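Residue numbers (our numbering), protein chains in the order written: chain G, 1 to 308; chain F, 1001 to 1560.
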């Protein structure tokens, strides 16, 4: 069979991953949900008719409108409005964009840090490996939320108050990233230990290839599969961590609310009967995290060489 | 009336892209008291037939046609028959004795469990029977060994235990799937003797599945040759091996390295009569051919290597002496063989020569320079270029994420960074054609190639730097015998035309005899003897060498 003649798209269609994707309804459904969420969040300006952060478009008359299918609901606010008359659906989509940006950035930060340390630890071994791996052990004994709170607390102490609101999102990315990197370090170290004993690495050493090139050109592509699986599940964890921190009030400021901030704000109205203000952001978060996890599970099953 | 009758057996695997026919209309009969050899290369369907008899075909495979009649009863007619027969009337021996015993149960517990499952005996009676069985398969001090765990036995002993497990319910049919492939030569012959003895004493019908023609020649009464799921030929072993009818059988027999003489090249018999000329070595024009001076290229003095077993303490108590005071010299242009069983330290020596391991003491001189003491990286690169290696496992020696082009170009670019891209392409094409691969292979990934072709890519990479010494660590032991013949021919051609010096490491004595000028025999890290190949085979001086030569399976034994 001559794979070179096939176009890129046909190669994908021919691959086993595509095949197993087509055979898995859960993977397809969660991928479609995620695609819709990603699209709506990143192109939110074009998708929604309202800009909830433009004060001139808001009317306090619309405040606390329940969802459209209830008796007092209005057709123009499908999921109702919050205390300032902002359309809930638009607000959620704007919020999920912040959550996704924080989640992706935090995972990429953790991935680069963790894979870099894990790969080099596995490859070089010795005392360096010992120090890195004990560091991950120590890190793993501290709950990640506590770690993130700690980072945020320190950042508040160091950065001035005005600057902090601007910097909040970066502090958050750093805080979540720093609490997730040990997973990546462990997985990539374990895979590196397997790969570095294979003959192709010996062959490169005998040829005289330098350690750096062996690590990044030869070993890295071969350990990416498990790292990607951890990365997907890590994305869901990062989004939840962001929401938790924002819910606790140490995340992004209320002026640019993320999903967690919305849940916190809505929580205050829960007992006065305006349930939708907290319920919809929460259910949105659940769907988002659940879909990512399902997709991650499917990836783990498909990319696991032992199961093939 | 034969005891086991396989009629028109077909086994299909319905895969995503195509249906694989693992066995096609196979007809085999086995009588009591005879050993039938089932021989073929990997993927020929020999194990499929064995598994089909006991209904152990994995999904998505299934028996699509045919019947298996054991002692007049069609055992595939209903499932109860199989459960009744499997383990009781049919005994099984698998390839790997490491994994066919449960490591957390003593062998006694495993024997008693099996006996009580099938025979109506009390625990005491079962124990007596189990100990008798262990004695029968040649385990000394069976009463005490009964309570040992599998890890307390050596590989050969463990395989004996597996055989006793297979025999414990008085089976009448024994299926042995590559029972000695994982074992060393000396243990292999003992296990085969045991199977022969048991066949006679218990009047068993035995199916011996193997790829080793030597084992077939020495052990079996009749042999069935399989290829791509088809039964090619079946008949008395002597007839098949001496006067094969089919072309495939002929080529199989002619690919087996003879043990009693040295031949120039292996005869490759193919359907279309391709010319038998030697390989066209295209890279010859680029090669800076070194004149062979009859001097020593490699000189190894008192080489020692210890592996520390213990991570925390530096005590020598737990260290393993892998190589113990070995000295030898390799002349420029010769093929030097390093022979030994597993654990003899032969691969460790190879890895020290290519500088993957540092010796614990002693030194290695290459071209009169001690390469083990070089600290400077640039200095080392000069020697990296001159010493290259070919590995045993063609599946792990190529990086699956790189195209063949990139794999082969890596050493070239590294040692000649200024090469133009056109020149580089030409060089790669020449290299690929020198190892008999097409130019189109360059743009493919390793997984698109078979084991033999991968080994060729590996060779192309190794000769890309124009080395003077090529270290071959069991280059053909993962390959089928016909592929092995092709690769050995290629290595011989390369050596002849490029004036390579080869260090050839193998456990396979017949192969070493074909390839090497001089041979060193290793045992437990110590050197037993070094001598000219013919001297060693005709007139070995060391006891261990004599024993090895006596025990190796000889395909020629069929002529006597």
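Even glycine gets a Cβ: it sits at the ideal position worked out from N, Cα and C.
Fair warning: this is a prediction, and the values are worked out from it, not measured in the lab.
Using only the alpha-carbon positions, how far apart do residue i and residue j sit?
i, j, result
"residue 225 of chain G", "residue 295 of chain G", "14 Å"
"residue 1349 of chain F", "residue 1332 of chain F", "18 Å"
"residue 1440 of chain F", "residue 1405 of chain F", "10 Å"
"residue 1260 of chain F", "residue 1013 of chain F", "42 Å"
"residue 181 of chain G", "residue 244 of chain G", "19 Å"
"residue 1155 of chain F", "residue 1092 of chain F", "17 Å"
"residue 19 of chain G", "residue 298 of chain G", "12 Å"
"residue 1099 of chain F", "residue 1158 of chain F", "10 Å"
"residue 85 of chain G", "residue 53 of chain G", "11 Å"
"residue 1273 of chain F", "residue 1247 of chain F", "With a pLDDT of only 45 at residue 1273 of chain F, under the threshold of 50, the placement of this residue in the model should not be trusted; the figure read from the coordinates follows. Going from the Cα of residue 1273 of chain F to the Cα of residue 1247 of chain F covers about 11 Å."
"residue 1381 of chain F", "residue 217 of chain G", "20 Å"
"residue 1416 of chain F", "residue 1442 of chain F", "20 Å"
"residue 1303 of chain F", "residue 1510 of chain F", "27 Å"
"residue 1557 of chain F", "residue 1480 of chain F", "21 Å"
"residue 1128 of chain F", "residue 1135 of chain F", "11 Å"
"residue 119 of chain G", "residue 220 of chain G", "8 Å"
"residue 1378 of chain F", "residue 207 of chain G", "13 Å"
"residue 301 of chain G", "residue 26 of chain G", "13 Å"
"residue 1275 of chain F", "residue 1452 of chain F", "Confidence is the limiting factor: at residue 1275 of chain F the pLDDT is only 47, short of 50, which leaves the residue's position unreliable and the question unanswerable from this model."
"residue 2 of chain G", "residue 94 of chain G", "Note that residue 2 of chain G scores 44 on pLDDT, short of 50, meaning its location in the model is unreliable; the coordinates nonetheless yield the value given after this. The straight-line gap from Cα to Cα measures roughly 47 Å."
"residue 1418 of chain F", "residue 1412 of chain F", "10 Å"
"residue 1036 of chain F", "residue 1473 of chain F", "33 Å"
List the residues that DSSP assigns as beta-bridge partners of residue i.
i, result
"residue 1504 of chain F", "F:1337, F:1472"
"residue 1328 of chain F", "F:1300"
"residue 1370 of chain F", "F:1365"
"residue 1307 of chain F", "F:1320"
"residue 1007 of chain F", "F:1067"
"residue 62 of chain G", "Per DSSP, none; premise fails for residue 62 of chain G."
"residue 1149 of chain F", "Note: residue 1149 of chain F sits in no beta bridge, so no partner."
"residue 1036 of chain F", "F:1207, F:1222"
"residue 1012 of chain F", "F:1021, F:1062"
Mind listing the chain G neighbours of residue i? Cutoff is C-beta to C-beta under 8 Å, in chain order.
i, result
"residue 979 of chain F", "The question about residue 979 of chain F has no answer, for chain F in this structure spans 1001 to 1560."
"residue 1356 of chain F", "202, 205, 206"
"residue 1461 of chain F", "203, 207"
List the residues of chain F that residue i touches, going by C-beta distances under 7 Å, in chain order.
i, result
"residue 199 of chain G", "1391, 1393, 1396, 1397"
"residue 164 of chain G", "Within chain F, no residue comes near residue 164 of chain G; the closest Cβ sits about 44 Å away, beyond 7 Å."
What in chain G is Cβ-close to residue i, meaning under 9 Å?
i, result
"residue 1381 of chain F", "208"
"residue 1388 of chain F", "203, 206, 207"
"residue 1465 of chain F", "207, 208"
Can you tell me where the alpha helix (DSSP H) holding residue i begins and where it ends?
i, result
"residue 260 of chain G", "259 to 267"
"residue 1156 of chain F", "1155 to 1167"
"residue 78 of chain G", "Careful: residue 78 of chain G lies outside any alpha helix (DSSP H) and carries neither H nor E."
"residue 1389 of chain F", "Counting along the chain, residue 1389 of chain F falls outside any alpha helix (DSSP H), though it belongs to the beta strand (DSSP E) covering 1387 to 1390."
"residue 252 of chain G", "Element bounds for residue 252 of chain G: n/a, residue is neither H nor E."
"residue 1427 of chain F", "1421 to 1434"
"residue 1545 of chain F", "1543 to 1551"
"residue 310 of chain G", "There is simply no residue 310 of chain G to check, as chain G begins at 1 and stops at 308 in what is shown."
"residue 1406 of chain F", "1404 to 1415"
Find the residues of chain G that neighbour residue i, judging by a C-beta separation of less than 7 Å, and give them in chain order.
i, result
"residue 1401 of chain F", "221, 222"
"residue 1414 of chain F", "207, 208, 209"
"residue 1384 of chain F", "206, 207, 208"
Please list the partners that residue i has in chain F, where partner means a Cβ-to-Cβ separation under 9 Å.
i, result
"residue 19 of chain G", "1016"
Between which two residues does the beta strand (DSSP E) carrying residue i extend?
i, result
"residue 1527 of chain F", "1526 to 1532"
"residue 1225 of chain F", "1222 to 1227"
"residue 1518 of chain F", "1518 to 1523"
"residue 1030 of chain F", "1019 to 1030"
"residue 1175 of chain F", "1173 to 1177"
Which runs of the alpha helix (DSSP H) spanning at least 4 residues fall entirely within the stretch 147 to 225 of chain G, listed in chain order?
-> Runs of the alpha helix (DSSP H) inside the stretch 147 to 225 of chain G: 161 to 196, 199 to 207.
Beta strand (DSSP E) runs wholly inside the stretch 1187 to 1236 of chain F, at least 3 long, in chain order = Entirely contained in the stretch 1187 to 1236 of chain F, the beta strand (DSSP E) runs reaching 3 residues are, in chain order, 1205 to 1210, 1222 to 1227, 1230 to 1236.
Could you tell me which uninterrupted alpha helix (DSSP H) segments, each at least 4 residues in length, are contained entirely in the stretch 1069 to 1102 of chain F, listed from first to last along the chain?
-> DSSP runs (the alpha helix (DSSP H)) wholly in the stretch 1069 to 1102 of chain F: 1079 to 1085.
Please specify which runs of the beta strand (DSSP E), each continuous and at least 3 residues long, are wholly inside the stretch 1438 to 1483 of chain F, giving them in chain order.
-> Listed in chain order, they are 1469 to 1473.
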